[in-house]
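Below is one structure, written out as structure tokens; comments come after it.
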Amino acid sequence: VDRYLHSAPHDFYDDLQYQLAKKLTEITPGSFPKKVFFGNSGTEAVEAALKVAKRATNRSRFLAFIGAFHGRTFGSLSLTASKTVHQRGYFPTMPGVEHTPYAYCYRCPFKLSPENCDLWCARYIEEVLFTTYIPPEEVAAIFVEPIQGEGGYIVPPEGFIRELRRIADKYKILLVVDEIQSGMGRSGKMWAIKHFGVTPDILTSAKAIANGLPLSAVVMRADIDFPESGAHSSTFGGNAIALAAALANIDFIMENRLPERAAKLGEHAMKKLRDAQEEIEIIGDVRGKGLMIGVEIVKSKESKEVFKTGRDEIINKAFKRGLVLLPTGKSSIRIAPPLTIEEENLDIGLDILIDAIKEVNKETNR
28 VDRYLHSAPH DFYDDLQYQL AKKLTEITPG SFPKKVFFGN SGTEAVEAAL
78 KVAKRATNRS RFLAFIGAFH GRTFGSLSLT ASKTVHQRGY FPTMPGVEHT
128 PYAYCYRCPF KLSPENCDLW CARYIEEVLF TTYIPPEEVA AIFVEPIQGE
178 GGYIVPPEGF IRELRRIADK YKILLVVDEI QSGMGRSGKM WAIKHFGVTP
228 DILTSAKAIA NGLPLSAVVM RADIDFPESG AHSSTFGGNA IALAAALANI
278 DFIMENRLPE RAAKLGEHAM KKLRDAQEEI EIIGDVRGKG LMIGVEIVKS
328 KESKEVFKTG RDEIINKAFK RGLVLLPTGK SSIRIAPPLT IEEENLDIGL
378 DILIDAIKEV NKETNR
């Protein structure tokens, strides 16, 4: 702070930038040379990824997914498709963005089942979109969350992300993985994309990277870059305080094996919630990886009817008992405690949640 807090990190050399960039190139998927761009927030990272993908490929179209959340600034908002409130009053957004169904198996938009769908939600891109109205040679990048966040904490089948990688490779399209919510160990691996055995061309990170301080990072293949200096920058992106926090945070995460810890605690939480699911009618689905778990509330298991008012009432009842929860998707509850949480405290929280669900279930099915 005393030495150079005043300097603009994108204009003057900062050893902390070098250290964190080097660390990120080492811990992100892919053994190829990489470059890193620092910003202040997740939406900044997505904006940078949009711009660099467009310039690096000389293409102008993008694909994103229904249910996606990538930010609220204009470019990232154009990729976002999780709630109408985000879009209302801002049309038209950035042209050239098309949304396609995500692999939401509990509510398959094609009314298929995982056993017989042959990953149609991914193949739909190539077999329908690319043969009817989107020339694949005009698509710069596919933006995808390996686990959808605001869309409902949706975990796709393993083959879905691999099929996206195949399509991207075939048509020389960049695969951009948004790890802003799922990264830094939350899913039980340092990066959620590692569950699927896929290496992205560009990875965006923010939120937990500096443990509360404003920082984001775009990690990309070294050959993906802006063609000239000054094509993109950020005045305070990669400020010294946030960089120091991120370095300390990553060291702490790795030294204390927090991804492995999240995986173990997540298995415990999933078992407890799935046991509750068997006896509670309004728990439609329990899904997740590590400590990124979604509980979908429905009016009945048979109908799978969205039960937003019930979900909201569960959150209110839990809050009155001392547990803070956030909604996600149309009628799901997200469970995303600190990766350092003790199992005893996790159980207390889960018990409060389950009791609140039981109470709403009883009121609903009198």
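Residue numbers (our numbering): 28 to 393. Glycine is no exception: its CB is placed at the ideal position from the N, C-alpha and C atoms.
Run of the alpha helix (DSSP H) containing residue i, from where it starts to where it stops
i      : result
GLY69  : 69–84
THR52  : 42–54
ILE236 : Premise fails: ILE236 is in no alpha helix (DSSP H) and is neither H nor E.
ALA108 : Neither: ALA108 is in no alpha helix (DSSP H) and is coded neither H nor E.
ILE188 : 185–197
PHE279 : 267–282
ARG150 : 147–151
Beta-carbon proximity check, residue i vs residue j, cutoff 8 Å
i      : j      : result
PRO163 : PHE157 : yes
ALA75  : VAL245 : yes
GLY98  : VAL63  : no
LEU47  : LEU270 : yes
PHE334 : LYS328 : no
GLU154 : PHE96  : no
ILE362 : ILE341 : no
LYS194 : MET211 : Note on residue identity: the sequence assigns Ile, not Lys, to residue 194. No.
MET247 : LYS50  : no
PRO354 : ASP339 : yes
ALA12  : ILE251 : Limits of the chain in this structure are 28 at one end and 393 at the other, which puts residue 12 out of reach.
MET319 : SER209 : yes
Three-state secondary structure assigned by DSSP to residue i
i      : result
GLY102 : helix
THR336 : helix
HIS222 : helix
PRO163 : helix
LEU300 : helix
LEU127 : What sits at residue 127 in the sequence shown is Thr, not Leu. If DSSP states are grouped into helix, strand and coil, THR127 belongs with the strands.
GLN208 : coil
MET217 : coil
PHE157 : helix
ILE229 : strand
ARG288 : helix
VAL387 : helix
GLY178 : coil
GLY257 : coil
GLY293 : helix
GLU323 : strand
VAL351 : coil
Nearest neighbour of residue i, chosen from the options [CA to CA]
i      : options                           : result
ALA149 : HIS126, TYR160, LEU292 and ALA167 : HIS126
GLY293 : GLY94, PRO364, MET121 and ALA195  : PRO364
GLU371 : ALA296, LEU270, SER103 and ILE152 : ALA296
GLY317 : ALA219, PHE92, ASN388 and TYR151  : ALA219
LYS357 : ARG248, ASP312 and GLN304         : ASP312
PHE187 : VAL112, PHE223 and ASP382         : PHE223
GLN304 : GLY321, ALA289, ALA290 and LYS291 : GLY321
TYR151 : MET121, GLN175, LEU191 and PRO119 : LEU191
GLU287 : ARG213, LYS331, SER103 and ALA83  : ARG213
ASN283 : ILE368, ILE93, PRO254 and PHE253  : ILE368
ILE200 : VAL79, ILE309 and SER68           : VAL79
Boundaries of the beta strand (DSSP E) in which residue i is found, first to last residue
i      : result
GLY311 : 310–316
LEU90  : 88–92
ILE360 : 359–362
THR120 : Element bounds for THR120: n/a, residue is neither H nor E.
ARG248 : 243–248
Integer-rounded CB distance, given that residue j should sit under 8 Å from residue i
i      : j      : result
LEU366 : LYS299 : At roughly 18 Å, the Cβ-Cβ gap does not stay under 8 Å, so LEU366 and LYS299 are not in contact.
GLY264 : PHE65  : 5 Å
LEU242 : ALA267 : 11 Å between Cβ atoms; not a contact.
C-beta neighbour in chain B for residue i, strict 8 Å
i      : result
VAL203 : Among the chains of the structure shown, chain B does not appear; only one protein chain is present.
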